[in-house]
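Just below is one structure, and these are the notes that go with it.
Number of protein chains: 2
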Amino acid sequence: MTLEQLRTFLWVARLGGIRRAALQMNVSQPAVSNRIALLEADLGTPLLDRSRKGVSLTKQGVMLSNHAEQIMQSVERIRAEVVPPENMTALLRLGVAETIVQSWLPAFLGRLRATHPKVTFEISVDISRNLREHLFERTLDLALMMGPVSDYSVENVMLPQFEMAWFRPIDMPRPDLTRVPVISYHRDTRPYHELRTELQQRYGNGIQMFSSSSLSAGFEMVAAGLGVGVFPRTLGQRMQPGRIAEFDPGWMPTPLSFSASYIGHPRDALAAKAADLAREVAEEHARLRVASQTARQAFGAKD
Amino acid sequence: MTLEQLRTFLWVARLGGIRRAALQMNVSQPAVSNRIALLEADLGTPLLDRSRKGVSLTKQGVMLSNHAEQIMQSVERIRAEVVPPENMTALLRLGVAETIVQSWLPAFLGRLRATHPKVTFEISVDISRNLREHLFERTLDLALMMGPVSDYSVENVMLPQFEMAWFRPIDMPRPDLTRVPVISYHRDTRPYHELRTELQQRYGNGIQMFSSSSLSAGFEMVAAGLGVGVFPRTLGQRMQPGRIAEFDPGWMPTPLSFSASYIGHPRDALAAKAADLAREVAEEHARLRVASQTARQAFGAKD
DNA sequence: AGAGGTTACGGGCAGCGTAAGGATC
DNA sequence: GATCCTTACGCTGCCCGTAACCTCT
Numbered sequence: 172m173t174l175e176q177l178r179t180f181l182w183v184a185r186l187g188g189i190r191r192a193a194l195q196m197n198v199s200q201p202a203v204s205n206r207i208a209l210l211e212a213d214l215g216t217p218l219l220d221r222s223r224k225g226v227s228l229t230k231q232g233v234m235l236s237n238h239a240e241q242i243m244q245s246v247e248r249i250r251a252e253v254v255p256p257e258n259m260t261a262l263l264r265l266g267v268a269e270t271i272v273q274s275w276l277p278a279f280l281g282r283l284r285a286t287h288p289k290v291t292f293e294i295s296v297d298i299s300r301n302l303r304e305h306l307f308e309r310t311l312d313l314a315l316m317m318g319p320v321s322d323y324s325v326e327n328v329m330l331p332q333f334e335m336a337w338f339r340p341i342d343m344p345r346p347d348l349t350r351v352p353v354i355s356y357h358r359d360t361r362p363y364h365e366l367r368t369e370l371q372q373r374y375g376n377g378i379q380m381f382s383s384s385s386l387s388a389g390f391e392m393v394a395a396g397l398g399v400g401v402f403p404r405t406l407g408q409r410m411q412p413g414r415i416a417e418f419d420p421g422w423m424p425t426p427l428s429f430s431a432s433y434i435g436h437p438r439d440a441l442a443a444k445a446a447d448l449a450r451e452v453a454e455e456h457a458r459l460r461v462a463s464q465t466a467r468q469a470f471g472a473k474d
Numbered sequence: 172m173t174l175e176q177l178r179t180f181l182w183v184a185r186l187g188g189i190r191r192a193a194l195q196m197n198v199s200q201p202a203v204s205n206r207i208a209l210l211e212a213d214l215g216t217p218l219l220d221r222s223r224k225g226v227s228l229t230k231q232g233v234m235l236s237n238h239a240e241q242i243m244q245s246v247e248r249i250r251a252e253v254v255p256p257e258n259m260t261a262l263l264r265l266g267v268a269e270t271i272v273q274s275w276l277p278a279f280l281g282r283l284r285a286t287h288p289k290v291t292f293e294i295s296v297d298i299s300r301n302l303r304e305h306l307f308e309r310t311l312d313l314a315l316m317m318g319p320v321s322d323y324s325v326e327n328v329m330l331p332q333f334e335m336a337w338f339r340p341i342d343m344p345r346p347d348l349t350r351v352p353v354i355s356y357h358r359d360t361r362p363y364h365e366l367r368t369e370l371q372q373r374y375g376n377g378i379q380m381f382s383s384s385s386l387s388a389g390f391e392m393v394a395a396g397l398g399v400g401v402f403p404r405t406l407g408q409r410m411q412p413g414r415i416a417e418f419d420p421g422w423m424p425t426p427l428s429f430s431a432s433y434i435g436h437p438r439d440a441l442a443a444k445a446a447d448l449a450r451e452v453a454e455e456h457a458r459l460r461v462a463s464q465t466a467r468q469a470f471g472a473k474d
């Protein structure tokens with residue numbers, strides 16, 4: 172019996188197929204077949220029922236999987252507790268929503284890199300819907316996205332919310348929402364849809380909306396006078412300083428709720444640690460923003 | 172990280188030396204060295220402190236050993252619960268006191284062989300003192316011996332006691348203990364010493380004792396008229412039928428207490444199972460003996 | 001026919017034992 | 001110098017991937 176055999180067996184059990192496990196583990200399908208065969212020979216009992224399409228566990232297979240899960244949990248704990256963070260060598264496939272990229276992602280990566288210098292990153296920026304999908308496909312280890320993901324298999328660490336604000340071009344003092352386009356997030360995102368619903372309720376169907384999958388492009392459009400924007404307040408403070416200004420049409424969209432989400436089963440200790448660090452950094456960032464915002468408001472009042 | 176590395180690490184930790192672990196595991200000493208080195212490289216942290224004679228665990232080593240113990244416990248449970256007994260292939264090094272050999276060992280081996288046909292035995296018959304020693308040296312997996320062994324590392328399953336009885340040659344109606352030798356167990360056993368002390372207290376130093384490391388030889392000596400014997404009652408009933416008889420000099424030695432003892436750490440599931448089976452068989456055997464003895468007494472009374 | 005699993009087979013490399021080389025008492 | 005561990009170095013054998021084969025729907 173080897174850990175590799177047990178790990179392989181668990182993937183076969185979880186995914187319900189040798190083929191799928193092989194794909195997941197980046198090895199050939201016969202290799203997986205062989206590992207299972209060796210494990211069965213070692214234990215002297217069949218573990219898989221190969222009668223139907225794919226495979227299912229035998230009674231012994233079920234018992235084994237329980238104990239094997241325990242073992243893998245202990246292994247994870249070893250990797251998390253015994254290995255000093257600065258010697259952790261791993262790959263963290265990180266999915267990030269653009270709002271995060273534009274706010275505290277650099278700070279987060281810096282901190283993570285400082286404590287875990289040997290961990291390599293693979294960062295993909297995408298809309299939360301796709302990130303969630305990749306998380307389920309297990310092609311992402313951790314997603315910093317609009318959340319939480321309400322699925323039993325996913326662990327969510329809640330992050331500070333982002334308050335939304337209206338932005339106008341600096342030379343458009345009193346925008347009329349029924350006449351200028353409203354620019355916001357990508358069409359397939361939740362804030363876009365909430366905004367659209369709200370706008371329709373308030374102003375009817377005449378509202379024109381532009382969506383941008385790039386936040387900086389969205390801000391650029393506002394700055395260029397193409398329309399008004401609905402974006403997180405903290406982003407507006409630095410994306411186009413001097414070219415845009417906040418305004419208040421009388422109502423605000425609901426704040427954006429974010430989470431650091433990762434698959435809980437099998438648990439990835441690094442992802443869990445990184446998620447906690449993300450919360451830490453994000454909360455610091457939120458405090459700083461509030462402080463600087465207060466300062467700015469104070470300054471603005473004087474101005 | 173492999174199970175073999177963890178298992179090796181635990182032996183090194185337990186025995187406090189790479190050399191000792193290698194000896195225990197029947198591999199070369201550099202092989203153990205290398206396994207530890209690989210494990211340390213994998214975890215990116217030293218696990219052993221090699222400054223002094225032998226080795227001691229670092230802080231990380233202690234943490235690892237806790238988790239590794241957990242893992243090995245799970246592995247043991249797999250071997251015990253998932254593997255069907257009839258497919259268990261293992262070596263059970265069994266140490267047996269001769270009293271057991273002469274009473275229920277055959278029945279025990281038969282039952283064990285029936286439930287665990289693929290387990291091979293290595294049986295050594297010796298006096299309990301030596302069996303205990305070999306248990307500590309880990310050259311025995313299970314000892315059926317006079318017990319219990321009062322050491323924190325040893326698990327004891329208590330077995331039925333053996334009542335002692337006095338035996339005389341059939342043609343020596345009223346033996347005089349001050350004039351005929353008393354024959355019993357080997358000189359280095361507890362019953363021999365208890366008997367000797369008791370005899371000295373009752374009859375003074377004039378008593379002559381013969382000891383035999385072989386029970387059948389002891390009985391043979393009694394049958395041949397060399398002296399009287401003190402042996403378990405149930406054995407006398409069949410060792411020399413017709414040539415010896417019980418008699419009562421007015422007092423009886425204390426019964427012999429037996430146990431099935433095995434090392435509890437690391438736990439050997441097969442040894443534990445076998446110990447339970449031993450208790451079962453021994454208790455059945457005791458019940459049968461009592462029954463046949465009652466029958467015989469009834470017959471004797473009629474005779 | 002195609003999806004999913006097993007068997008067959010050559011090749012690479014992980015890990016073993018032997019033997020020699022430090023370090024520490 | 002004795003004891004204990006590490007390093008060096010061939011060699012074996014395990015396990016992988018490729019390819020062909022089997023077996024269901």
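Chains as they are written, first to last, in the numbering used here: chain A, 172 to 474; chain B, 172 to 474.
All C-beta atoms in this analysis are idealised placements derived from N, C-alpha and C, irrespective of residue type, glycine included.
Close beta carbons around residue i, own chain, < 7 Å, minus the five adjacent residues each side
i, result
"A:H456", "S274, W275, A278"
"B:V267", "L276, I294, V296, L315"
"A:P319", "N327, M329, S430, S432"
"B:E365", "P424, T425"
"B:R367", "M380"
Cutoff 9 Å: residue i Cβ touching any chain A Cβ
i, result
"B:P255", "yes"
"B:H238", "yes"
"B:S245", "yes"
"B:R438", "no"
"B:K289", "yes"
"B:E417", "no"
"B:M172", "yes"
"B:R284", "no"
"B:T179", "no"
"B:R248", "yes"
Cβ-based burial, residue i [other Cβ within 10 Å; buried from 16]
i, result
"B:R460", "buried"
"B:W337", "buried"
"A:T349", "exposed"
"A:Y356", "buried"
"A:Y363", "buried"
"B:D322", "exposed"
"B:P201", "exposed"
"A:A440", "buried"
"A:A395", "exposed"
"B:R409", "exposed"
"A:D347", "exposed"
"A:L262", "exposed"
"B:T270", "buried"
"B:D312", "buried"
"A:T179", "buried"
"A:V452", "buried"
"A:P412", "exposed"
"A:G377", "exposed"
Residue-chain proximity (residue i, chain B), Cβ-Cβ < 9 Å
i, result
"A:N205", "no"
"A:M234", "yes"
"A:N258", "yes"
"A:L515", "Because chain A here runs from 172 to 474, residue 515 of chain A falls outside it and cannot be looked at."
"A:L265", "no"
Close-in-space but distant-in-sequence residues of the same chain around residue i (CB under 6 Å, 5 per side omitted)
i, result
"B:V537", "Limits of chain B in this structure are 172 at one end and 474 at the other, which puts residue 537 of chain B out of reach."
"A:A164", "Any question about residue 164 of chain A goes unanswered here, given that chain A covers just 172 to 474."
Cut-off 8 Å between Cβ atoms - residues of its own chain near residue i, not counting five sequence neighbours on either side
i, result
"B:M392", "I354, F381, S383, G398, G400"
"B:V246", "L174"
Checklist entry - Where in the region 191–228 of chain B do unbroken runs of the alpha helix (DSSP H), each at least 4 residues long, occur, reported from the N-terminal end onward? => result Runs of alpha helix (DSSP H) with 4 or more residues, each lying fully within the region 191–228 of chain B, are found at 200–214, listed in chain order.
Next on the checklist: Taking 8 Å as the cut-off, does the region 212–226 of chain B touch the region 175–192 of chain B (at least 3 CB pairs, one atom from each stretch)?
Outcome noted: Touching, yes.
Checklist entry - Which parts of the region 250–287 of chain B are runs of the beta strand (DSSP E), unbroken and 3 residues or longer, counting only runs that do not cross its ends? => result As summarised for the region 250–287 of chain B, the continuous beta strand (DSSP E) elements at least 3 residues long and confined to that stretch are 262–267, given in chain order.
Next on the checklist: Across the region 299–313 of chain B and the region 280–291 of chain B, are there enough close Cβ pairs to call them in contact, namely three or more that are closer than 8 Å?
Outcome noted: Contact fails: fewer than three Cβ-Cβ distances are below 8 Å.
Next on the checklist: So, does the region 428–443 of chain A touch the region 313–331 of chain A, judging by three or more C-beta pairs under 8 Å?
Outcome noted: Touching, per the Cβ criterion.
Checklist entry - Enumerated in chain order, which unbroken segments of the beta strand (DSSP E) with a length of 3 residues or greater are wholly contained in the region 353–421 of chain B? => result Runs found: 353–355, 380–382, 399–403, 415–418.
Checklist entry - With a cut-off of 8 Å, do at least 3 Cβ pairs link the region 239–255 of chain B to the region 229–244 of chain A? => result The answer is yes - the region 229–244 of chain A touches the region 239–255 of chain B, with three or more Cβ pairs under 8 Å.
Item to check | Complete beta strand (DSSP E) runs within the region 291–358 of chain B (minimum length 3 residues, chain order) | outcome: DSSP runs (the beta strand (DSSP E)) wholly in the region 291–358 of chain B: 291–296, 313–317, 325–333, 335–340, 353–355.
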